[in-house]
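Student: Structure provided below as structure tokens; questions to follow.
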Amino acid sequence: MPKFKYVSLFSGIGGFETALNRLGGECVLASEIDKYANRAYKLLYGHETAGDVTQIDASLVPDHDILVGGFPCQSFSVAGKRLGFDDARGTLFFEAARIASVKQPSFVFMENVKGLISHDKGKTLETMLFVLNDIGYAVDFAVLNSKYFGVPQNRERIFIIGKRTDEHVPWDIPPGNDVVTKAKRKLADMGLRTFNFPYPTNNIVTTRLLDILEDNVDEKYYISDEKAAKLLEQLNDTYYQQSDMQMVGMLDVKGADCTRRVYSSLGISLTLTTMGGGNREPKIVVQDHGELRERMDGLSTCVDANYHKGIDNHGARTAVVEYSRQTGIGKELDVAHTLNASDWRGLNRNQMQNAVIEVRALTERRTDEAKQIRREYREKYGRDFSPRRGKELVERDDEVANTLTSTQTVEQWLVIKPTYRIRKLTPLECFRLQGFPDDYYYKLKSDGISDTQLYKLAGNAVTVPVIEAIGRELVHMLEETNTYQSLANENTTYIQPYM
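Going left to right, the sequence shown walks through residues 26 to 524 as the working numbering numbers them.
Encoded structure:
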């Protein structure tokens, strides 16, 4: 038996469902009008939605404890005139209020963009909250950012909670002058009936874009070298900045600024949108795994036996060196990326001659600047980070040389060069940014839903971990107050009355 039952309006691909089901909830009715979202919803949850919310007869909606929904932000034609419930008529919020008015669930839980607070000079939010008062709910709201809930996305949203009660508990409004504080002061002065909901207070960023990126990304998501050339030239000689969301530059292409911005993968993502074509997908810069290039100038690149350990391995290793047989002089290069057996494919077997080349023994030493970056990163995020160019090569003091092997002839050599590339976030990465399990993406992709629609579905969704954190507090309140509406009919099951 479920702990509680809920109705989901404007369901999309079910961000509320994913979160609330984890907490023991059961969805008894969902509503969604978009055909692609409906297709995805059935694939993910095994049942269809009730379709257009405006066509739902509220009296037929099953009993439930929580009414949830992320409704569109719309102006009210009579906002601010205080006409009561009719203020909201003609909007999708009205449809949610209409069902709540008839069914009287214990809680109403709604999500919207942060801009709702200032929309129409605050009159839109004012109208909504007073309508909730009129149908029996004390209210509270807060703005939470997804970046504090384990997903690397800067996504601020307002979360409104309505509690069915006749009581009024004044808000605990902290000092300050932010948009939420100012709005609450104004609304309190207007006599709004309120209560204090225990919103989660997460305020630490724990995840970076690097943590959710795919390992193997299709070439179609990469921006062409021609379009990215100018920006990449700058990046090859600079450190990333260690901030939450760092724009590293602009692509040299035509289009609005929002389509040209490129962000560091060491930071967090900008807010996802529907990304409906027009090259609007978020773009990041990533470090490529290095490339192999032919050389015809008689210079050999020496590769050491420790390369299988990777570039971030500590301890002694041999530098990548350009070595000239004519002069006997070696020139130090940046330490290259890991090489494996596949890197040598395509070379003629006659070129795979083994030779041992002696150069002075070198070891890596972290630069002072890199040490400072590591200290600051560890203090802020609780884990280590090694800047790509954070090490320098110094001569070993034990006079023991590392063995270098070379597999090139004089006529053809290999040089290893670390590179950056710019690409779009993939649909899977966008699903991860909203906190959905990977298998959701794979189910939808395998059913033939296009990338365009997958981007849109992800951008329109709510962030699952935020909903789960708020939902957990709602469940606690239900348990403490024992105000389950669904207990009036324990046999209530999911219905599809209008499909």
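Idealized CB from N, CA, C, for every residue including glycine.
#1: Can you tell me whether glycine 133 is helix, strand or coil according to DSSP?
#2: Using only the alpha-carbon positions, how far apart do isoleucine 91 and aspartate 463 sit?
#3: Can you list, in chain order, the residues of its chain with a C-beta nearer than 6 Å to that of valine 78? Leave out the 5 residues immediately preceding and following it.
#4: Label methionine 135 either buried or exposed according to how many other C-beta atoms from any shown protein chain fall within 10 Å of its C-beta, with 16 as the threshold for buried.
#5: In the DSSP assignment, find the unbroken alpha helix (DSSP H) run with aspartate 464 in it and report its ends.
#6: For leucine 235, which of helix, strand or coil comes out of DSSP?
#7: Distance check for arginine 446 and tryptophan 369, CA to CA, integer angstroms please.
#8: Taking the C-alpha atoms as reference points, what is the distance between asparagine 158 and tyrosine 466?
#9: Measuring CA to CA, which of Ile237, Ile81, Lys468 and Phe184 is closest to valine 491?
#10: In its own chain, which residues sit with a C-beta less than 7 Å from the C-beta of glutamate 306, not counting the 5 before and 5 after it?
#11: Whole angstroms is fine: what's the gap from isoleucine 293's alpha carbon to leucine 217's?
#12: Within the same chain, show all residues whose beta-carbon is closer than 6 Å to that of glycine 460, passing over the 5 residues directly before and after it, in chain order.
#13: My output table needs one value for tyrosine 162: the three-state DSSP class, helix, strand or coil.
#14: Grouping DSSP H, G and I as helix and E and B as strand, with all else coil, what is arginine 400?
#15: Where does glutamine 80 fall in DSSP's three states?
#16: Exposed or buried, glutamine 510, counting other C-beta atoms within 10 Å across all chains shown (16 or more means buried)?
#17: Would you mind listing the beta strand (DSSP E) stretches within the segment 173-255 that are 3+ residues and don't spill past its ends, in chain order?
#18: Can you name the residues that DSSP bridges to valine 168?
#19: Should alanine 281 go down as buried or exposed, given a rule of 16 or more other Cβ atoms within 10 Å for buried?
#20: Locate the alpha helix (DSSP H) running through tyrosine 142, then write down its first and last residues.
#21: Can you find at least 3 beta carbon pairs, one from the segment 146-155 and one from the segment 203-219, that sit closer than 8 Å?
#22: Under 7 Å, do glycine 40 and leucine 69 count as touching if we go by C-beta distance?
#23: Which of the three DSSP states is assigned to tyrosine 61 in this structure?
#24: Between which residues of its own chain and serine 290 is the CB-CB distance below 6 Å, once the five residues before and five after are set aside?
#25: Using CA coordinates, which residue listed in Gly187, Asp476, Ala44 and Ala213 is at the minimum distance from alanine 125?
#26: Taking 8 Å as the cut-off, does the segment 495-503 touch the segment 222-230 (at least 3 CB pairs, one atom from each stretch)?
#27: Using the Cβ count rule (16 or more neighbours within 10 Å means buried), how would you classify glycine 201?
#28: Assuming tyrosine 31 contacts histidine 89 (C-beta within less than 8 Å), just tell me the rounded distance between them.
#29: In terms of residues, what are the limits of the beta strand (DSSP E) holding arginine 286?
#30: Measure the Cβ-Cβ separation of methionine 153 and phenylalanine 96 and say whether it is below 7 Å.
#31: Using DSSP with H/G/I as helix, E/B as strand and the rest coil, what is valine 500?
#32: Is the beta carbon of phenylalanine 132 less than 7 Å from the beta carbon of leucine 499?
#33: Could you spell out where the alpha helix (DSSP H) holding glutamate 454 opens and where it closes?
#34: Less than 7 Å between C-beta atoms, sequence neighbours within five positions excluded: which residues of the same chain meet that for glutamate 232?
#35: With leucine 525 as the anchor, note down where its beta strand (DSSP E) starts and where it stops.
#36: Between the beta-carbon of leucine 503 and the beta-carbon of phenylalanine 166, is there less than 7 Å?
Tutor: If we stick to the structure as given:
#1: Mapped onto the sequence shown, residue 133 falls at position 108. According to the sequence displayed, residue 133 carries valine and not glycine. Valine 133: strand per DSSP, three-state reduction.
#2: Counting from one through the sequence shown, the residue named residue 91 turns up at place 66. Counting from one through the sequence shown, the residue named residue 463 turns up at place 438. About 27 Å.
#3: On the sequence shown, position 53 is the one that residue 78 refers to. The answer, listed in chain order, is Leu34, Ser56 and Glu120.
#4: Numbered from 1 along the sequence shown, position 110 holds the residue referred to as residue 135. With 16 or more other Cβ atoms within 10 Å, it is buried.
#5: Counting from 1 along the sequence shown, the entry for residue 464 is found at position 439. 463-471 is the span of the alpha helix (DSSP H), which, as asked, contains aspartate 464.
#6: Along the sequence shown, one-based indexing puts residue 235 at 210. DSSP places leucine 235 in helix when its eight states are reduced to three.
#7: Here residue 369 corresponds to residue number 344 of the sequence shown, with the count starting at 1. Here residue 446 corresponds to residue number 421 of the sequence shown, with the count starting at 1. Legend: pLDDT at tryptophan 369 = 32, less than 50; position of this residue unreliable, no value from coordinates given.
#8: Taking the sequence shown and counting its residues from 1, one reaches residue 158 at position 133. Taking the sequence shown and counting its residues from 1, one reaches residue 466 at position 441. Answer to the nearest angstrom: the Cα atoms are 39 Å apart.
#9: As a first step, residue 491 is located in the sequence shown; it is residue number 466 there, counting from the start. Closest by alpha carbon: Phe184.
#10: Indexing the sequence shown from 1 puts residue 306 at position 281. Only Met300, Lys449, Leu450 and Tyr480 meet the Cβ criterion.
#11: Mapped onto the sequence shown, residue 293 falls at position 268. Mapped onto the sequence shown, residue 217 falls at position 192. Using only the alpha carbons, I get a separation of about 37 Å.
#12: Here residue 460 refers to the residue found at position 435 of the sequence shown. Here the set comprises Val176, Thr488, Val489 and Pro490.
#13: The residue you call residue 162 lines up with position 137 of the sequence shown. Three-state result, tyrosine 162: strand.
#14: Here residue 400 refers to the residue found at position 375 when the sequence shown is read from its first residue. Residue state, collapsed to three classes: helix.
#15: Counting from 1 along the sequence shown, the entry for residue 80 is found at position 55. If DSSP states are grouped into helix, strand and coil, glutamine 80 belongs with the helices.
#16: Position 485 of the sequence shown, counted from the first residue, corresponds to residue 510. It is buried - the Cβ of glutamine 510 has at least 16 other Cβ atoms within 10 Å.
#17: Taken in chain order, the complete beta strand (DSSP E) segments of 3 or more residues contained in the segment 173-255 are 181-189.
#18: For this step, residue 168 is matched to residue 143 along the sequence shown. In the DSSP output, where bridge partners are listed per residue, valine 168 has Ile183.
#19: Numbered from its first residue, the sequence shown carries residue 281 at position 256. Looking at its Cβ environment, which holds fewer than 16 other Cβ atoms inside 10 Å, alanine 281 is exposed.
#20: Here residue 142 is taken as the residue at index 117 of the sequence shown, counted from 1. One detail in the question is off: residue 142 reads as isoleucine in this sequence, not tyrosine. Unbroken run through isoleucine 142: none, as it is neither H nor E.
#21: yes
#22: Walking along the sequence shown from the start, residue 40 turns up at place 15. Walking along the sequence shown from the start, residue 69 turns up at place 44. Not closer than 7 Å, so no.
#23: Start at 1 with the first residue of the sequence shown, and residue 61 comes out as number 36. Of the three classes helix, strand and coil, the one that applies to tyrosine 61 here is helix, per DSSP.
#24: Within the sequence shown, residue 290 is the residue found at index 265, counting from 1. Cβ within range, chain order: Leu234, Leu235, Ile309 and Val311.
#25: Within the sequence shown, residue 125 is the residue found at index 100, counting from 1. When only C-alpha atoms are compared, the closest one is Gly187.
#26: yes
#27: Residue 201 sits at position 176 when you count from the first residue of the sequence shown. It is exposed - the Cβ of glycine 201 has fewer than 16 other Cβ atoms within 10 Å.
#28: On the sequence shown, residue 31 is found 6 positions in, with the first residue counted as 1. On the sequence shown, residue 89 is found 64 positions in, with the first residue counted as 1. That pair is a contact at about 5 Å.
#29: Residue 286 sits at position 261 when you count from the first residue of the sequence shown. Looking at the DSSP string, the run of the beta strand (DSSP E) that includes arginine 286 is 286-289.
#30: If you number the sequence shown from 1, residue 153 lands on position 128. If you number the sequence shown from 1, residue 96 lands on position 71. Contact flag unset, no.
#31: The residue you call residue 500 lines up with position 475 of the sequence shown. Residue state, collapsed to three classes: helix.
#32: The sequence position of residue 132 within the sequence shown is 107, counting from 1. The sequence position of residue 499 within the sequence shown is 474, counting from 1. A Cβ-Cβ contact shorter than 7 Å links phenylalanine 132 with leucine 499.
#33: Counted from its first residue, the sequence shown places residue 454 at position 429. From DSSP, the alpha helix (DSSP H) with glutamate 454 extends over 452-458.
#34: As a working note, residue 232 is residue 207 in the sequence shown. The sequence given here places threonine at residue 232; glutamate does not occur at that position. Answer for threonine 232: Gly175, Val176 and Pro177, listed in chain order.
#35: Look at the range of the chain in this structure, 26 to 524, and you will see that residue 525 is not part of it.
#36: As a working note, residue 503 is residue 478 in the sequence shown. As a working note, residue 166 is residue 141 in the sequence shown. No, the pair does not count as a contact, with Cβ atoms beyond the cut-off.
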